[in-house]
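One structure is given below, encoded as structure tokens.
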Amino acid sequence: MRRILPLFIVLYLFSTSLEAQTKKDIDKQLKEAGYTLDFVDAEKGLKIILQAREASKHIGYEEGIVKSGHMLTVYYMRKDDYKKVIDTSYEVEALALEHKNYTVLSDIYRMRALSHGQLGLSKPSYEEYLTALEASKKIQKKNTRHYKTSLIYSNMITYFDQMDDNHSQDSILYYLKKSLEEIKQIEEPNPDVKLNDKYDMLAGTNSNIGMFYINQHEPQRIDLAERYFLDAIAIYNNKKYKLMAINRVLLSNSFGRFYHAKKDYSNTIKYATNALELEKKANSPYMRQEAYEMLLDSYLEIGDKSMSKKYMQLFTNINDSINAVENARIEAPVDRIVSQEKKKHTTTILIIAGCIIIIIAFAIRFFWKRKNRILHKNYEVLVQKLRTEKKTGSLAEETNDNSKPLTDKSFNIIEETVDALLLKLEKFEKSKNIIKKDVSLTWLANHLNTNTRYLSEVIKKHKGKSFSNYINSLRINYIVELLYEEPKHREYKISYLAELCGFSSREVFTTTFKKETGISPSYFLDNLKNEIDITDEQEKHKIV
15 MRRILPLFIV LYLFSTSLEA QTKKDIDKQL KEAGYTLDFV DAEKGLKIIL QAREASKHIG
75 YEEGIVKSGH MLTVYYMRKD DYKKVIDTSY EVEALALEHK NYTVLSDIYR MRALSHGQLG
135 LSKPSYEEYL TALEASKKIQ KKNTRHYKTS LIYSNMITYF DQMDDNHSQD SILYYLKKSL
195 EEIKQIEEPN PDVKLNDKYD MLAGTNSNIG MFYINQHEPQ RIDLAERYFL DAIAIYNNKK
255 YKLMAINRVL LSNSFGRFYH AKKDYSNTIK YATNALELEK KANSPYMRQE AYEMLLDSYL
315 EIGDKSMSKK YMQLFTNIND SINAVENARI EAPVDRIVSQ EKKKHTTTIL IIAGCIIIII
375 AFAIRFFWKR KNRILHKNYE VLVQKLRTEK KTGSLAEETN DNSKPLTDKS FNIIEETVDA
435 LLLKLEKFEK SKNIIKKDVS LTWLANHLNT NTRYLSEVIK KHKGKSFSNY INSLRINYIV
495 ELLYEEPKHR EYKISYLAEL CGFSSREVFT TTFKKETGIS PSYFLDNLKN EIDITDEQEK
555 HKIV
């Protein structure tokens, strides 16, 4: 017995030592995972997190389970996988509450709120944000508290962004500036918040305020945005700060948007291309989609048809993929909310389910409302123009009413020649020659018995466009009028319509149509078909 007891004690001490060493190894592994996730490769970081999570579960290391679950939620958040964010956050929550880990709790509530918001579930999103703020108040370390509170305020703008009232703009700017105030209160140096994290957040918040002045402030204020963007760019370019890979992608896209608003397409292309390169490590489809869209628009503006066509195809493909994934993802959070409410009170399930359906319906409506409102406004303007000009003939190319006689000293054309040429152009605009594929500046000059230099100058001065834009505009006007006047053409494919009005490809036609009208050909066709269906139904009722 005496021999067995000491042996038991030795084995117990050995076992305890082994477990302590294992916990230490897991902590080290999680530290490595965090660095890899932020700066090296998100997918490699995920593998390390999952390994540490399994090891923590194996030995019952609850702190390791909480930390790895928290990091896993961060990974899914950066991947825009909102269903998994919500599911994983609930797995972490119980243990985090038990350990009173308010730092982790503030994060998982915030990410859950953001996920609900991105899925269009506004009410649960707002409630989670309030819960996140309550958790952040309980964080003992003040620098960590400022950092986590700043993150919550920054994310809360997504809730107000979905609202469509007069106060939403004020709320967005208020919370962005609150976020900036919190992050500026973090002391330097301090043992709790890394310098990189502070300046990462500073760059992101400055960029977000800049984006607000460009995208949401009415009227747009590029001058106010510039100050914040320049502060963000200074941090971005300062090698002293190591920003997270995912945030460098976000910032690159934001800088691209800023320069696009300034019509500086060279810098737009620079930052959007940089975003695509950085995104290879971060792997975010939404950011890739945004970069493709900027490159498509920028190359189109500078007249590079080959590159614009390339990015149009890439943008279309990823847009279709994202839409398919989003439709599948929205169902899971709703199921979870219903399940939770069942536990509270079974008699209210039907009411709750009905409310959730209403919330979803309104959330989806708000999500698309802004874009659809602009599209429909453009459609109504176009149709009203067609109705107004129907009595006077075809939808002719708009001229520059404020144009004056040519006064360019380096190139003078007598007024009689200009008037004669304008009359010929007016006849040309009403003819079907505009849809010939071989129409060029030389062809039209010969057709109108003038020279290319005269013709180009008159079009530029009196039509306010280059020759190619002038012809494209006429062709779009032609097909718009044809579709409006002759319903049978609405059944044709877009590729056929493109060929019918003289465009070389469907892609060029679609891009030009959108540029000229503000809507896509498919949107125009769908709304025209809807209008004719409604009119037919009304006529049937009159007959009855």
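Residue numbers (the numbering used here): 15 to 558.
Think of the CB as a built atom: it goes at the ideal place given N, C-alpha and C, for glycine as much as any other residue.
Taken through DSSP and simplified to helix, strand or coil, G78 comes out as helix. V118: member of the alpha helix (DSSP H) spanning Y116 to Q132, first to last residue.
Here E105 is near G83, since their CB atoms are less than 9 angstroms apart. Relative to the Cα of P138, the nearest Cα in the group A108, Y173 and H72 belongs to Y173. Comparing alpha-carbon positions, the option among I100, I63, N222 and H160 lying closest to I122 turns out to be I100. Within the stretch 429-489, complete alpha helix (DSSP H) segments of at least 4 residues are found at 429-444, 455-461 and 466-472, given in chain order. Note that the C-beta distance between S120 and A146 is below 9 angstroms. S519 is classed as exposed because its beta carbon has fewer than 16 other beta carbons within 10 Å across all chains shown.
Where T531 is concerned, the enclosing alpha helix (DSSP H) starts and stops at R520 to T531. Looking at N297, E46 and T531, the one whose alpha-carbon comes closest to that of K391 is T531.
By the neighbour-count definition (other C-beta atoms within 10 Å, threshold 16), D214 is a buried residue. Contact between G270 and A248 does not hold, since the beta-carbon distance rounds to 17 angstroms and is not under 8 angstroms.
Around the C-beta of E394, fewer than 16 other C-beta atoms lie within 10 Å, and the residue is accordingly described as exposed. The alpha-carbon of T102 is positioned some 32 angstroms away from that of E201. By the neighbour-count definition (other C-beta atoms within 10 Å, threshold 16), A56 is a buried residue.
Judged by pairs of C-beta atoms under 8 angstroms, the stretch 327-338 does not touch the stretch 289-296, as fewer than three such pairs exist. Pairwise C-beta distances place the stretch 304-314 in contact with the stretch 271-282, as three or more of them are shorter than 8 angstroms. Contact between D94 and S298 holds, with the beta-carbon distance rounding to 6 angstroms and staying under 8 angstroms. As the crow flies, the alpha-carbon of T456 is around 8 angstroms from that of N465. Of the candidates S185, N267 and V494, V494 places its Cα closest to the Cα of L514. Spanning the alpha carbons of K441 and F523 requires a straight line of approximately 24 angstroms. A direct Cα-Cα distance of roughly 17 angstroms separates S193 from E142. For the set Y116, Y161, M301 and T282, the Cα lying nearest the Cα of T219 is the one of Y161. For the set I283, I490, D245 and N115, the Cα lying nearest the Cα of F517 is the one of I490. When DSSP assignments are scanned along the stretch 284-317, the uninterrupted stretches of alpha helix (DSSP H) that are 4 or more residues long and fall wholly within it turn out to be 299-315.
Taking 9 angstroms as the cut-off, the beta carbon of I228 is found no closer than this to the beta carbon of A246. Ranked by Cα distance from D211, the options F53, S182 and K323 are led by F53. Of the candidates E500, K208 and Q154, the residue whose Cα lies closest to the Cα of K543 is E500. CA-to-CA, the gap between E232 and N222 works out to about 16 angstroms.
Counting other Cβ atoms within 10 Å of its Cβ, G59 reaches 16 or more and is therefore classed as buried. Sorting R67, Q199, S312 and I186 by C-alpha distance to the C-alpha of M225 places I186 at the top. Taken atom to atom, the span from the alpha-carbon of Y300 to that of S268 is near 13 angstroms. Going by C-alpha positions, L133 is about 12 angstroms away from M125. With respect to L539, L497 sits close: the two C-beta atoms are nearer than 9 angstroms. The alpha helix (DSSP H) runs of length 4 or more contained entirely in the stretch 198-253 are, from start to end of the chain, 209-229 and 236-251.
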